[in-house]
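Since the structure comes first, as C-alpha cells, the remarks are kept for the end.
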Amino acid sequence: MGARAQAIATIRLEEPHVRVTEYRFPPEAETGWHRHGHDYVVVPLRTGRLLLEQPDGTSSTAELLMHQPYARRAGVEHNVINANAFEFVFLEIELLR
Numbered sequence: 005m006g007a008r009a010q011a012i013a014t015i016r017l018e019e020p021h022v023r024v025t026e027y028r029f030p031p032e033a034e035t036g037w038h039r040h041g042h043d044y045v046v047v048p049l050r051t052g053r054l055l056l057e058q059p060d061g062t063s064s065t066a067e068l069l070m071h072q073p074y075a076r077r078a079g080v081e082h083n084v085i086n087a088n089a090f091e092f093v094f095l096e097i098e099l100l101r
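Sequential numbering of the sequence shown, starting at 5, is according to our numbering.
The structure is reproduced here in C-alpha cells:
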C-alpha cells in the first residue's frame, strides 16, 4: 500500500489566545502522527467518519455530525484519516492560553 495523501491545513485565525485551523481531507487522506500541545475544540463542517489511529496500535472510528463540536485536552496523540468516499472538512480551535 502506498503512502496516504496529507490533509490540507489552513490557518484561518491566529491570535495570542486562540488559533483556528481548517483541515480538508480528500478521501483516505491523513493528518500524520501528531500530539496536541493545547486543549482544542473540533467543529465538523460535514457529517462523516474519521478513523483515529492510536500510538498503541489500536484504532477507532469517530462518527461526526455537521456543526456538532467536541473538545479534547492537550496531550492527545493520534493519526486522523478520512474514512469517507468524499472530502471531509473540520475546524480545529486551539486554546493557546
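No residue lacks a Cβ here, since even glycine has one placed at the ideal position from N, Cα and C. Keep in mind it's a predicted model, so treat the numbers as computed, not measured.
| query | result |
| --- | --- |
| Distance, Cα to Cα, V46 vs I97? | 6 Å |
| What did DSSP end up calling H71 once you bin it into helix, strand or coil? | coil |
| Using the C-alpha atoms, what's the distance from I85 back to P48? | 14 Å |
| Does DSSP put N88 in a helix, in a strand, or in coil? | coil |
| Indicate whether the contact test is met: 3 or more Cβ pairs, each with one atom in the stretch 60-73 and one in the stretch 14-30, closer than 8 Å. | no |
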